[in-house]
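Since the structure comes first, as structure tokens, the remarks are kept for the end.
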Amino acid sequence: MSNVDPLELEKFNQLAHRWWDPTSEFKPLHDINPLRLDYIDRVAALEGKTVLDVGCGGGILAESMAVRGAAVTGIDLGDKAIRVAKLHLLETGNRVEYLKAAVEDVAGERPGSFDVVTCMELLEHVPDPASTVRACAQLAKPGGHLFFSTINRNPKSYLFAVIGAEYVLNLLPRGTHDYAKFLKPSELGRMAREAGLTVADLIGMTYNPVTRIYSLGPDTSVNYLMACRAT
66 MSNVDPLELE KFNQLAHRWW DPTSEFKPLH DINPLRLDYI DRVAALEGKT VLDVGCGGGI
126 LAESMAVRGA AVTGIDLGDK AIRVAKLHLL ETGNRVEYLK AAVEDVAGER PGSFDVVTCM
186 ELLEHVPDPA STVRACAQLA KPGGHLFFST INRNPKSYLF AVIGAEYVLN LLPRGTHDYA
246 KFLKPSELGR MAREAGLTVA DLIGMTYNPV TRIYSLGPDT SVNYLMACRA T
């Protein structure tokens with residue numbers, strides 16, 4: 066429980082009941098989920114794989130990976146988020162194992178257990194992202210796939226991810242992000258390599274405020290996904 070910011074945890078707990086409302090504060094997660102799901106499936110071929118979703122929240126990505134045929138475990142430290150995720154399973158009939166747990170603790174209990182580990186939009190919310198990356202690396206089987214997504218740190222990302230998304234377009238609640246916690250791809254790549262991972266791919270995610278459409282491409286200046294392989 067040491068690698069958690071209580072204020073960040075409480076912030077998401079307060080909103081947890083709205084996770085599955087596609088018009089709520091979590092609308093961006095619903096909008097980008099098909100993109101990141103297709104990317105993960107294309108790289109890792111989810112069907113039949115064991116998957117751990119770290120920082121699963123209400124289960125938007127976890128459930129969608131289960132629908133693709135993966136055996137998914139989702140972990141989060143938010144009480145309310147986990148309860149919402151479990152309740153949603155009752156509505157859909159999908160199968161996901163949800164646990165209230167820190168990734169570092171799960172790494173100690175189930176090392177080398179997963180074909181795929183995903184950690185989406187979490188690293189910019191924890192005090193020690195390198196600890197999270199190391200734990201994710203420990204949880205992956207040799208040759209397993211790992212996916213991290215976070216926000217770059219530069220003037221453009223501050224303008225788009227903080228000022229634009231939170232104050233101009235109102236895509237996110239104000240105070241969602243702390244610019245100082247954003248990670249450059251070079252920094253995340255170094256954390257991954259120090260954890261024994263190989264960086265396999267880096268792809269950007271952009272948002273067009275006119276068309277209101279997200280897309281994947283080479284522009285990693287704001288949001289990006291990094292795919293790694295365990296050794």
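Counting from 66, one number per residue, gives the positions in the sequence shown under our numbering. We treat Cβ as the ideally placed atom computed from N, Cα and C, and that holds for glycine.
For residue i, the residue or residues it bridges with in DSSP
i    : result
L164 : I140
D266 : A292
I216 : N288
T88  : DSSP, once it has assigned bridges, lists no residue as partnering T88.
I228 : Answer is none; I228 lacks a bridge partner.
G37  : In the structure as shown, the chain begins at 66 and stops at 296. Residue 37 is therefore absent and cannot be evaluated.
G282 : G269
Other residues of its chain near residue i: CB distance less than 6 Å, five sequence neighbours each side excluded
i    : result
A135 : L111, K114 and V116
L187 : G120
A200 : V168, E169 and A172
L94  : I125
A146 : A81, G122 and G123
Cβ neighbours of residue i in the same chain (closer than 8 Å, five flanking residues each side left out)
i    : result
T285 : N217, P250, L267, I268 and G269
V69  : L142, A167, V191 and P192
Inter-residue CB distance, residue i and residue j (contact presumed, cutoff 8 Å)
i    : j    : result
R101 : L290 : 6 Å
G124 : V161 : 6 Å
T296 : P207 : 7 Å
M256 : P194 : 7 Å
A260 : A202 : 4 Å
A109 : D118 : Not really, about 13 Å apart at Cβ, beyond 8 Å.
Reference residue i; option with closest CA among the options
i    : options                   : result
L224 : T215, A127, Y244 and F212 : Y244
T183 : L204, L281, K165 and G229 : L204
A292 : P274, I278, L281 and T263 : T263
S222 : G208, L248 and H210       : L248
L74  : K206, T241, S280 and F212 : T241
7 Å Cβ cutoff, residue i in contact with chain D
i    : result
V275 : Absent from the structure: chain D. Only one protein chain is present.
Residue i in three-state terms, based on DSSP
i    : result
C184 : strand
S178 : coil
V116 : strand
K249 : coil
S67  : coil
C201 : helix
T276 : coil
N159 : coil
G254 : helix
Proximity test, residue i beta-carbon vs the ligand NAP heavy atom, cut-off 6 Å
i    : result
I125 : Ligands are entirely absent from the displayed structure, and the ligand NAP is therefore not among its contents.
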